[in-house]
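Asks: Take a look at this one; I'll ask things after.
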Amino acid sequence: MEITVKKMNRFLMFKLPSAFLCGVRLKELENEESVVTVTHKWINQNPFKSMYFAVQSMAAELSTGALVIKKIQECGKPISMLVTNHNGKFTKKAVGKIRFICSDGNSINKVLKQTIETGEGQTIIMKSIGINEDGEQVSAYEFEWSVKLKG
């Protein structure tokens, strides 16, 4: 089964409904990069009238996780994945439409190859940058993903 933007957003609706209701959507999923968007609205705001940090975290995580899912599916091996740590830094109020971009697709290939060759679990730190409509960074995230062969 090929992983597509449409399939991932359907998955989001049924398996992560809080993210879906808050407006988190995968927009692009390529070999090296994924883009997730979310627009500041009443349902996802904090008391300071900007986007709640947890909504930004969901969008940033999806931008990294969608790449991991795609790469696991492409390798054809039964591999599990899990977030084991994450960091977030906020540099500007998140208002309007925010794009979260992860460009770590090539790095995942290396980690999955090591996992398959050695049979040992591996970790990778993937970055996602939140950018507003003016091209300004509003947040930066790092997610540590653990991958290992199932079984």
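Read the sequence shown against our numbering and you will find it ends at 1126, with the numbers running on by one and no gaps.
Don't be surprised by glycine CBs; every beta carbon is placed ideally from N, CA and C.
Just so it is clear, the structure is predicted and the values come from calculations on it, not from any experiment.
1) Would you tell me roughly how many angstroms separate the C-alpha atoms of E1049 and K1123, rounded to the nearest one?
2) Note the first and the last residue of the continuous alpha helix (DSSP H) segment covering C997.
3) How should G998 be labelled, buried or exposed, when 16 other C-beta atoms within 10 angstroms of its C-beta is the threshold for buried?
4) What residues are listed by DSSP as bridge partners for H1061?
5) Please classify R1074 as buried or exposed, where buried requires at least 16 other C-beta atoms within 10 Å of its C-beta.
6) Within its chain, find whatever has a CB closer than 6 angstroms to the CB of K1125; leave out the 5 residues flanking it on each side and keep chain order.
7) Quick one: is the Cβ of A1069 within less than 8 angstroms of any heavy atom of the ligand COA?
8) Using a Cβ-Cβ cut-off of 8 angstroms (strictly less than) and excluding sequence neighbours within five positions of S1032, which residues of its own chain qualify?
9) Quick one: grab the DSSP three-state call for G1105.
Replies: Taking the coordinates as given:
1) Working through the sequence shown from its first residue, we reach residue 1049 at position 74. Working through the sequence shown from its first residue, we reach residue 1123 at position 148. When rounded, the distance between both Cα atoms is 15 angstroms.
2) Within the sequence shown, numbered from 1, the residue matching residue 997 stands at position 22. Element bounds for C997: n/a, residue is neither H nor E.
3) Residue mapping note: residue 998 aligns to position 23 of the sequence shown, counting from 1. With 16 or more Cβ atoms within 10 Å of its Cβ, G998 is classed as buried.
4) Reading the sequence shown from its first residue, position 86 is the one you call residue 1061. BP columns for H1061 point to F1118.
5) Start at 1 with the first residue of the sequence shown, and residue 1074 comes out as number 99. Buried, because 16 or more other Cβ atoms sit within 10 Å of the Cβ of R1074.
6) Residue mapping note: residue 1125 aligns to position 150 of the sequence shown, counting from 1. These residues qualify, in order along the chain: P1053, S1055.
7) This structure lacks the ligand COA, and indeed carries no ligand of any kind.
8) Position 57 of the sequence shown, counting from 1, holds the residue named residue 1032. Within the same chain, S1032 has close Cβ partners H1061, G1063, Y1116.
9) Counting from 1 along the sequence shown, the entry for residue 1105 is found at position 130. Strand, per DSSP.
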